[in-house]
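Q:
Protein chains: 2
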Amino acid sequence: MSRTIDPFGAVPKYYQLAAILRQKIEDGDWKPRTPIPSERQLEVLYNISRTTIREAIDNLVQQGYLYREHGRGTFVSPHKLQKGLMELTSFSEDLVKRGIQPGQVIRRLERMVPSPKILQRLELPAGSSVLCIDRIRLGNGIPIGLQTSYLALHDDQVITESEMSEYGSLYRILQEKFNIIPTEADETLEVTLATPQEAQLLEITPGAPLLLSERLLFSQYRKPIEFVKILYRGDRYRYFVHLKR
Amino acid sequence: MSRTIDPFGAVPKYYQLAAILRQKIEDGDWKPRTPIPSERQLEVLYNISRTTIREAIDNLVQQGYLYREHGRGTFVSPHKLQKGLMELTSFSEDLVKRGIQPGQVIRRLERMVPSPKILQRLELPAGSSVLCIDRIRLGNGIPIGLQTSYLALHDDQVITESEMSEYGSLYRILQEKFNIIPTEADETLEVTLATPQEAQLLEITPGAPLLLSERLLFSQYRKPIEFVKILYRGDRYRYFVHLKR
DNA sequence: CTGGTCATGTGGTCACTACCAGTTACATTA
DNA sequence: TAATGTAACTGGTAGTGACCACATGACCAG
Chain H
200 MSRTIDPFGA VPKYYQLAAI LRQKIEDGDW KPRTPIPSER QLEVLYNISR
250 TTIREAIDNL VQQGYLYREH GRGTFVSPHK LQKGLMELTS FSEDLVKRGI
300 QPGQVIRRLE RMVPSPKILQ RLELPAGSSV LCIDRIRLGN GIPIGLQTSY
350 LALHDDQVIT ESEMSEYGSL YRILQEKFNI IPTEADETLE VTLATPQEAQ
400 LLEITPGAPL LLSERLLFSQ YRKPIEFVKI LYRGDRYRYF VHLKR
Chain L
200 MSRTIDPFGA VPKYYQLAAI LRQKIEDGDW KPRTPIPSER QLEVLYNISR
250 TTIREAIDNL VQQGYLYREH GRGTFVSPHK LQKGLMELTS FSEDLVKRGI
300 QPGQVIRRLE RMVPSPKILQ RLELPAGSSV LCIDRIRLGN GIPIGLQTSY
350 LALHDDQVIT ESEMSEYGSL YRILQEKFNI IPTEADETLE VTLATPQEAQ
400 LLEITPGAPL LLSERLLFSQ YRKPIEFVKI LYRGDRYRYF VHLKR
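Respectively, the protein sequence lines represent chains H and L.
Everything in the first sequence is counted per my numbering, starting at 200 for the first residue and increasing by one.
Everything in the second sequence is counted per my numbering, starting at 200 for the first residue and increasing by one.
1. Quick one: is L:Arg320 near chain H, going by C-beta distance under 8 Å?
2. When the Cα of H:Val275 is compared with those of H:Arg232, H:Tyr420, H:Ile358, which residue comes out closest?
3. Nearest CA to the CA of L:Val357: which residue from L:Arg336, L:Ile332, L:Gln346, L:Gln222?
4. Output, in chain order, the set of chain H residues within a Cβ distance shorter than 8 Å of L:His441.
5. Between the alpha carbons of L:Ser237 and L:Tyr213, how many angstroms are there, rounded?
6. According to DSSP, is H:Thr387 helix, strand or coil?
7. Classify H:Thr251: buried if its beta carbon has 16 or more other beta carbons within 10 angstroms, exposed otherwise.
8. Using 10 angstroms around the beta-carbon of L:Val329, count the other beta-carbons present and answer buried if the total reaches 16, otherwise exposed.
9. Taking all protein chains shown into account, decide if L:Ile341 is buried (16 or more other Cβ within 10 angstroms of its Cβ) or exposed.
10. Do you know offhand how far H:Leu392's Cα is from L:Tyr349's?
11. Mark L:Glu386 as exposed unless 16 or more other C-beta atoms lie within 10 angstroms of its C-beta, in which case mark it buried.
12. Say whether the segment 423–432 of chain H touches the segment 372–384 of chain L, bearing in mind that this needs 3 or more beta-carbon pairs closer than 8 Å, one atom from each stretch.
13. Would L:Pro277 pass as an interface residue toward chain H - the criterion being a Cβ-Cβ separation below 8 Å?
14. Hey, would you say L:Gly272 sits closer than 8 Å to H:Glu383, going by beta carbons?
15. Looking at the C-beta of H:Gly433, does it have a partner C-beta in chain L at a distance below 8 Å?
16. Between which two residues does the alpha helix (DSSP H) containing L:Pro381 stretch?
17. What is the rounded straight-line gap between the Cα of L:Ser368 and the Cα of L:Ser327?
18. Compute the distance between the beta-carbons of H:Arg334 and H:Arg306, then report whether it is under 8 Å.
19. Given this structure, state the Cα-to-Cα distance separating H:Leu410 from H:Tyr436, to the nearest angstrom.
20. Which word fits L:Arg310, buried or exposed, when buried means at least 16 other C-beta atoms lie within 10 angstroms of its C-beta?
21. Using a C-beta to C-beta distance shorter than 9 Å, which residues of chain H count as neighbours of L:Gly263?
22. For the beta strand (DSSP E) containing H:Val427, list its first residue and its last residue.
23. If you draw a straight line from the alpha carbon of H:Arg253 to that of L:Arg253, how long is it in whole angstroms?
24. Indicate whether at least one CB of chain H lies closer than 8 Å to the CB of L:Pro405.
25. Residues in its own chain within less than 8 Å of H:Ala209 by CB, not counting five upstream and five downstream?
26. DSSP state of L:Ile247, grouped into three classes?
27. From H:Val260, H:Leu442, H:Pro423, pick the residue whose C-alpha is nearest to that of H:Leu318; which is it?
28. When the cut-off is 8 Å and only beta carbons count, does H:Tyr266 lie next to chain L?
29. Determine the DSSP secondary structure at L:Asp333, reduced to helix, strand or coil.
30. If we define contact as Cβ-Cβ less than 8 Å, is H:Arg437 a contact residue for chain L?
31. With burial defined as no fewer than 16 other Cβ atoms inside 10 Å of the residue's Cβ, what is the status of L:Glu365: buried or exposed?
32. Please tell me whether L:Leu410 has its Cβ less than 8 Å away from any Cβ of chain H.
33. Which residue wins for smallest C-alpha separation from L:Ile380, given the options L:Glu360, L:Gln419, L:Glu268?
34. Which first and last residues belong to the beta strand (DSSP E) in which L:Glu402 is found?
35. In whole angstroms, what separates the C-alpha of H:Phe417 from that of H:Trp229?
Set out below in structure tokens:
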């Protein structure tokens, strides 16, 4: 890992500096609750202007690595293993973080015209077609959720079943193939009971309690990209979220 | 509402500007998806340096009011009624937003020594006492949740039952009386079934599905402040969250 | 011992300047 | 006509310099 700033590289200096500081925190060079060098000290240490220093620190504060105290200093956050948890995550990222091996069975992958309610949430005109992906989600080989995604993609934006396994994550495909960056999402969670059909797919008894999630995903330009409905087995899944002011 | 910048006031200029811009968005003066004036134009319009302009815009982008497109401009986010939803909210704020009249029955309010597991999560030494508040939460007069809070407060930081109703919100008491600002929280949600006792308090049948939330709340200095457990009636409550990258 | 003052260190705010990097419209050229 | 360049926008990055607001500890007067 580079420990110095490259003034000619394509990556911005504040970004390079943020990476260096983040590394120090993750490596444990800087302990929780202890102050990092002051902004004036960093200015000298890395030969970078305070403007840039502050931009780097702003980023890390935003991401929860550091916190400031006016008049006292900037300190390392004491959160232990939670780095990255505040992030908007995909299902697979989500599981990997908990040490569970994600898996999936794709039951359907095709273009279709969804219900008007779904089209409305995706802000598409009536009669539009979307890409629909129907999957059984597995954790360590055991079914834990039924997921149905409706993606607001054009006819020429194709996703194949083989790409789904290559990329590993739908969000990676969106980002790397279509330059769509998931940025925000609205999600609701509620309790529901398994229908016989759902129970069979999830290998549970009908009427067993499920966690129902409905999520609307927005791109970097605040356009709705995906509407996804997930039914989680109530006995095998716990939803986690990190909230911020 | 003031539409100009006061250069001598105690409030920072970037904050005043952000308030003005936010107002224009909320009033509908600037429509969704349309560009706001460029940073150079705002510089002239308000006689403020671009540094300050950008700081104000940064804030609003962070809060979801605006989004930038490099080379094109800065645009108003198209989100309709969702302003503020990304915020870390208290139970009562939460309900008010949905147009439901919040209410509560305080069943217990006392200092106690909680279980070691809870003390550990609050990062307090074994044997410490905390303030425990046990409440039934109402929506439009109907029970929708059982809430038990454990607050990491000192013996001299007292909260009375009358203050609970005066302030309306526990978070307001923390903020205004003790200068503790809820900044982050980790929350898990899972499904569980009502015990006979819980069923009675919630006025449902035993065995009915419930939504169980466990939340650990952190102050502005990343110290754990509150551990709270809430049991929601599965048939009357839907959890909402706004996620961000 | 108590309370005030002050120097010094911290982050917070602001202005001015310069240049880089995408986007767009339009004139130019093949 | 179609491709191409180019000028004039946009936001993005970076440096410099100044002053304010808050926290702390050393010092001093009572």
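Yeah, the Cβ is synthetic: ideal placement off N, Cα and C, and Gly gets one too.
Bear in mind the structure is a predicted one, so any value in this text is a computation, not a measurement.
A: So, from the listed chains and residues:
1. no
2. H:Arg232
3. L:Ile332
4. Glu383, Ala384, Asp385, Glu386
5. 16 Å
6. strand
7. buried
8. buried
9. exposed
10. 32 Å
11. buried
12. no
13. yes
14. no
15. yes
16. No alpha helix (DSSP H) holds L:Pro381; DSSP gives it neither H nor E.
17. 25 Å
18. yes
19. 8 Å
20. exposed
21. Glu383, Arg421
22. 423–432
23. 14 Å
24. no
25. none
26. coil
27. H:Pro423
28. yes
29. strand
30. yes
31. exposed
32. yes
33. L:Gln419
34. No beta strand (DSSP E) holds L:Glu402; DSSP gives it neither H nor E.
35. 36 Å
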